[in-house]
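Asks: Numbers 15 to 222, taken from our numbering, label the letters of the sequence shown in order.
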Amino acid sequence: MAQLRNLSLPVALPEAVLVELLERCESVVLSSLREGAKLVKAVDFLFPEQSQMLNDVARMVMVAPARSTGALLSEADLPTSFEAAIAPQQMALSLMAVREILGCLTLTVTPSQPVVDRQWLTDQGTLTVRTEYQLSQGSVRLRVEADLPCGGSLQLQGEEWQALADRPNMGRLNLELRDLAPNKTYPLEVQLGKQDKLVFAISPMSVG
Numbered sequence: 015m016a017q018l019r020n021l022s023l024p025v026a027l028p029e030a031v032l033v034e035l036l037e038r039c040e041s042v043v044l045s046s047l048r049e050g051a052k053l054v055k056a057v058d059f060l061f062p063e064q065s066q067m068l069n070d071v072a073r074m075v076m077v078a079p080a081r082s083t084g085a086l087l088s089e090a091d092l093p094t095s096f097e098a099a100i101a102p103q104q105m106a107l108s109l110m111a112v113r114e115i116l117g118c119l120t121l122t123v124t125p126s127q128p129v130v131d132r133q134w135l136t137d138q139g140t141l142t143v144r145t146e147y148q149l150s151q152g153s154v155r156l157r158v159e160a161d162l163p164c165g166g167s168l169q170l171q172g173e174e175w176q177a178l179a180d181r182p183n184m185g186r187l188n189l190e191l192r193d194l195a196p197n198k199t200y201p202l203e204v205q206l207g208k209q210d211k212l213v214f215a216i217s218p219m220s221v222g
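#1: Count the other C-beta atoms from every protein chain shown that fall within 10 angstroms of the C-beta of Ser35, then say buried if there are 16 or more, exposed otherwise.
#2: Thinking C-beta only, is Leu187 closer than 7 Å to Arg181?
#3: At what residues does the beta strand (DSSP E) containing Ser150 begin and finish?
#4: By Cβ distance, which residues of its chain are closer than 6 Å to Val123, with the 5 residues on each side in sequence left out?
#5: Which of the three DSSP states, helix, strand or coil, is assigned to Val174?
#6: Can you find the residues in the same chain that come closer than 6 Å, C-beta to C-beta, to Ser82, ignoring five residues on each side of it along the sequence?
#7: Could you tell me the boundaries of the beta strand (DSSP E) in which Asp161 lies?
#8: Please report how far the alpha carbon of Leu194 lies from the alpha carbon of Leu53, in whole angstroms.
#9: Starting from the C-beta of Ala99, find all residues in its chain whose C-beta is less than 6 Å away, skip the five residues before and the five after it, and write them out in chain order.
#10: Going by beta carbon distance, what residues of the same chain come within less than 7 Å of Gly43, once the five residues before and after it are set aside?
#11: One question on the structure: do Gln17 and Leu135 come within less than 7 Å of each other, judged by their Cβ atoms?
#12: Helix, strand or coil: which one does DSSP assign to Val75?
#13: What does Ile115 pair with, by DSSP beta-bridge criteria?
#14: Kindly indicate which three-state DSSP category Arg38 falls into: helix, strand or coil?
#15: Looking only at DSSP bridge pairs, what is Val123 linked to?
#16: Just confirm the distance between the C-beta atoms of Leu162 and Leu191, as a whole number of angstroms; I'd bet it's less than 8 Å.
#17: Would you mind working out which of Ala101, Pro28 and Leu47 sits nearest Pro62, comparing C-alpha positions?
#18: Would you call Met15 buried or exposed, if buried means 16 or more other Cβ atoms sit within 10 Å of its Cβ?
#19: From Ser108 to Gly166, what distance separates their C-alpha atoms?
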């Protein structure tokens with residue numbers, strides 16, 4: 015919950031909502047949907063039968079996050095809580111949260127940016143995940159390095175093979191998979207102690 019409590023939101027979301035949003039993000043982060051569709055799919059359970067308004071707000075958040083949220087959540091009209099917000103404000107807050115969560119869980123590597131890292135705050139400390147890849151003759155070699163704040167494990171799933179690593183205490187773990195296809199998304203599962211697994215999406219692209 016540490017990461018979720020530190021999201022850059024003008025109004026905090028209830029813990030139960032954040033936990034549910036994280037679960038929904040992990041279910042869509044590996045999908046081939048465009049970013050806007052992922053945002054909507056992750057929050058639509060909060061706003062049943064309001065799909066048109068939700069899509070309208072999502073477009074505003076996608077096109078101009080600062081301006082759109084400023085229009086929907088101006089300081090003068092800022093709600094005192096998520097529960098006190100009107101529907102468009104709740105939608106904007108939820109979409110902003112999901113966009114930030116998905117950004118933290120997604121690592122896209124390209125020939126021009128072959129190394130990408132992400133940090134995720136946990137109650138035990140900071141988890142750092144770093145991805146490096148090489149593209150040679152149309153085949154991808156993917157290397158993952160993770161600094162764990164406590165004992166845990168990593169699992170990187172390829173198309174045919176998977177790589178596993180674990181350690182009983184805090185420290186670094188490394189994984190590598192070869193002969194992967196570019197322009198696909200591969201799941202990296204991180205287990206820290208007895209906490210729920212955290213799912214990252216690693217996308218090696220052939221251009222960019």
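Don't be surprised by glycine CBs; every beta carbon is placed ideally from N, CA and C.
Replies: According to the structure data:
#1: The amino acid at residue 35 is misidentified as Ser; the sequence shows Leu. In this structure Leu35 is buried. Its beta-carbon is surrounded by 16 or more other beta-carbon atoms within 10 angstroms.
#2: Taking 7 Å as the Cβ cut-off, Arg181 and Leu187 qualify as a contacting pair.
#3: Element bounds for Ser150: Gly139 to Ser150.
#4: Within the same chain, Cβ atoms closer than 6 Å to the Cβ of Val123 are found at Val130, Thr145, Tyr147 and Pro218, the five residues on either side in sequence being excluded.
#5: Correcting the residue type first, residue 174 is Glu in the shown sequence and not Val. DSSP, reduced to helix, strand and coil, places Glu174 outside both helices and strands of the structure shown, so it counts as coil.
#6: Interpretation of Ser82 is limited by its pLDDT of 48, a score under 50 that renders its predicted location unreliable; no figure is taken from the coordinates.
#7: Ser153 to Leu162 is the extent of the beta strand (DSSP E) around Asp161.
#8: Per the coordinates, the alpha-carbon of Leu194 lies some 28 Å from the alpha-carbon of Leu53.
#9: Closer than 6 Å at Cβ, skipping near neighbours: Pro93.
#10: Rather than Gly, the amino acid found at residue 43 in this sequence is Val. Closer than 7 Å at the Cβ level, and outside the excluded window around Val43, lie Leu116, Leu119, Thr120, Val213 and Ala215.
#11: With respect to Leu135, Gln17 sits close: the two C-beta atoms are nearer than 7 Å.
#12: Of the three classes helix, strand and coil, the one that applies to Val75 here is helix, per DSSP.
#13: Looking at the DSSP assignment, Ile115 forms no beta bridge with any residue, so it has no partner.
#14: DSSP, reduced to helix, strand and coil, places Arg38 within a helical segment of the structure shown.
#15: Looking at the DSSP assignment, Val123 forms a beta bridge with Pro218.
#16: For Leu162 against Leu191, the beta-carbon gap comes to about 19 Å, at or over 8 Å, which does not count as contact.
#17: When each option's Cα is compared against that of Pro62, the closest is Ala101.
#18: Met15 comes out exposed.
#19: Going by the C-alpha atoms only, they are around 30 Å apart.
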